[in-house]
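As structure tokens, then:
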């Protein structure tokens with residue numbers, strides 16, 4: 002693939018586009034358009050801007066991603082996550098003296114797009130794992146709760162509520178006495194149809210668009226507005242203008258912090274959606290290209306007067322299930338969105354706002370993944386704590402502070418795991434002649450020899466744990482220790498503190514007349530230890546390529562015949578120290 006094709010993927014797929022793909026792409030475009038129109042208007046209200054801003058967002062975002070994105074089926078555009086984070090970010094700037102909410106919202110989209118583009122050019126796609134999966138799941142769960150409680154006033158016909166989830170919930174309870182029966186009937190009826198028909202037909206039928214059409218007809222015939230039901234009202238028709246928002250420089254700068262948070266969450270959720278869709282077709286997703294695609298999408302949305310965008314898993318799934326073959330489906334959907342803005346906006350005048358609230362609630366309901374969070378109870382309690390911590394942080398402190406809490410939790414979990422890594426004692430698996438965990442395998446031990454593997458990079462936070470583990474193994478050994486081998490296969494990185502710690506361990510063992518050997522040390526680790534002087538201190542005969550070689554050097558183990566199964570695994574004798582994660586025995590994987 003040429004550099005040009007890599008940076009601008011449309012130049013690779015568009016010239017080779019097959020005419021037979023046009024029909025499925027066109028059908029997919031119609032399917033996505035039917036989902037997009039009502040959702041875009043609903044998400045615009047969540048973002049604090051007029052409904053037409055959602056329709057302006059869609060074509061710019063879709064065009065930008067279609068040119069630069071790497072996924073064939075991913076749909077980028079207005080989303081609940083982007084809308085609610087946009088409202089929170091712009092709301093903070095407006096509270097500090099910003100005047101034009103809509104202009105600041107478009108400016109935020111441009112700032113978000115600029116950050117994405119800078120990260121793409123710098124090839125920072127690896128930050129898609131910046132938030133751990135459990136923490137991101139807890140954050141989106143809490144955000145869904147905030148979105149739902151924020152939409153309930155529309156369904157009840159009461160005054161809107163603001164603040165954190167807890168503050169909104171308290172204020173909403175205080176307003177329940179003012180519930181409007183007609184508005185409640187419209188909202189509850191819309192929810193019932195959306196959930197019921199949506200569960201039955203999935204993406205095969207544009208349920209949301211049908212609900213919008215029916216509710217508009219009923220609103221017109223029964224004059225809902227006269228009955229106290231709030232309607233959308235006039236939506237300006239016409240093509241959006243291409244312009245840079247007129248926002249003072251200091252307010253552009255105030256948007257950067259919130260924009261960075263939106264990028265972290267948006268990129269993480271978008272990559273999850275892209276990989277989910279790509280896995281169905283054995284496609285490859287390029288994280289750096291995704292950064293450029295999302296950046297172009299947000300810039301496109303911003304210059305058209307829209308708001309921040311990211312990938313929509315629901316619309317992407319619908320696009321895929323409808324048979325989309327390429328991003329041509331997205332381009333056609335963008336054209337349909339523009340046609341809607343030009344010709345069809347007057348049709349939405351009598352649309353009840355309660356229906357838009359119901360559409361939002363139904364759309365974000367899937368984010369309330371109770372089963373996914375509960376699963377961490379049986380898989381990893383730390384993941385459960387991280388997920389619940391992020392959820393509580395969002396509900397208690399708000400979206401942006403909750404995002405900071407979520408990021409902090411991710412870092413804490415990372416430090417905890419790397420500072421207390423697994424350090425299994427290894428023994429010899431006689432039938433294969435390799436060294437594996439004594440706790441998981443029936444192994445034999447050599448009197449006076451201790452073999453331990455360190456399952457993490459060695460750095461300042463965990464070198465003390467290694468020394469404590471070695472002291473414990475020596476103290477509990479059934480016979481006096483003559484030699485100790487440290488298996489460094491998983492030790493991908495060693496910092497200066499780690500190297501100095503190994504030097505202290507070597508000196509301590511030498512003082513106790515215990516030979517110290519290193520095995521399977523990679524090139525980078527060897528270079529670090531060489532610069533720190535440890536290799537010279539140990540000697541080349543104490544740094545060996547395999548555990549077996551180190552064991553023979555340590556206690557004179559005879560080179561025993563190797564089982565024929567090693568030949569079947571195509572492993573040389575020098576490489577016969579199989580890392581447990583790459584070795585299977587009796588149907589089990591060693592960890």
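Residue numbers (my numbering): 2 to 592.
Ideal placement from N, C-alpha and C gives every residue a C-beta, glycine not left out.
The alpha carbon of residue 449 has as its nearest neighbour, out of 461, 474 and 434, the alpha carbon of 474. Taking C-beta separations shorter than 7 Å and ignoring five residues to either side along the sequence, the partners of residue 325 in its chain run 25, 26, 29 and 74, following chain order.
The segment 172-186 makes no contact with the segment 386-405: fewer than 3 CB pairs, one atom from each, lie closer than 8 Å.
Comparing alpha-carbon positions, the option among 220, 164, 505 and 496 lying closest to residue 532 turns out to be 496. Contact annotation: the segment 203-219 touches the segment 345-365, with at least three C-beta pairs closer than 8 Å. Of the other Cβ atoms in all chains shown, fewer than 16 fall within 10 Å of the Cβ of residue 494; this residue is therefore exposed. Taking each of 298, 457 and 77 in turn and checking the Cα distance to residue 419, the smallest one comes out for 457. In this structure, residue 307 lies near residue 57, with their beta-carbon atoms less than 8 Å apart.
Exposure of residue 5 is indicated by the presence of fewer than 16 other C-beta atoms within 10 angstroms of its C-beta.
Here DSSP, grouped into helix, strand and coil, assigns residue 518 to strand. Per DSSP, the unbroken alpha helix (DSSP H) holding residue 298 starts and ends at 288-304. Judged by DSSP secondary structure, residue 24 falls within the alpha helix (DSSP H) whose first and last residues are 23-47. Taking all protein chains shown into account, residue 72 has 16 or more neighbouring C-beta atoms within 10 Å of its C-beta and is therefore buried.
The beta carbon of residue 55 is closer than 6 Å to those of 41, 42, 44, 45 and 79 in its chain, skipping five residues each way along the sequence. Using a 10 angstroms sphere on the CB of residue 518, the tally of other CB atoms reaches 16 or more, which defines it as buried. The three-state secondary structure of residue 394, taken from DSSP, is helix.
One alpha carbon belongs to residue 135, the other to residue 278, and they sit about 20 Å apart. Judged by DSSP in its simplified three-state form, residue 176 adopts helix. Check the Cα spacing between residue 429 and each of 170, 445, 273 and 378: the tightest is with 445. Setting aside the 5 residues that flank it on each side, residue 498 is surrounded in the same chain by 460, 461 and 464, each with a C-beta closer than 7 Å to its C-beta; the list follows chain order. Assigned with DSSP and collapsed to three states, residue 371 falls in helix.
About 6 Å separates the Cβ atoms of residue 502 and residue 468, confirming a contact at the 8 Å cut-off. Following the DSSP letters along the chain, one finds residue 158 in no alpha helix (DSSP H), marked with neither H nor E. Beta-bridge analysis with DSSP links residue 445 to 429. For residue 325, the secondary structure class from DSSP, reduced to helix, strand or coil, is coil.
Nearest to residue 76 by C-alpha distance, out of 320, 48 and 301, is 320. Looking at the backbone, the Cα of residue 433 and that of residue 549 are separated by about 12 Å. 388 is the residue among 388, 436, 435 and 431 whose C-alpha sits nearest the C-alpha of residue 413. DSSP, read as helix, strand or coil, puts residue 487 in strand. Contact check for residue 288 and residue 126: beta-carbon distance about 3 Å, within the 8 Å limit, so the pair qualifies. Just measuring C-alpha positions, the residue of 13, 102 and 424 sitting nearest residue 249 is 102. With respect to residue 269, residue 62 sits apart: the two C-beta atoms are not nearer than 8 Å.
Judged by beta-carbon spacing, residue 410 lies within the 8 Å limit of residue 391, meaning their Cβ atoms are closer than that value. Here residue 112 carries a helix assignment [DSSP, helix/strand/coil].
Distance from residue 335 to residue 10 at the Cβ level is roughly 16 Å; contact not present, criterion being Cβ atoms closer than 8 Å.
In the three-state reduction of the DSSP assignment, residue 493 falls in the coil class, being assigned neither a helical nor a strand state.
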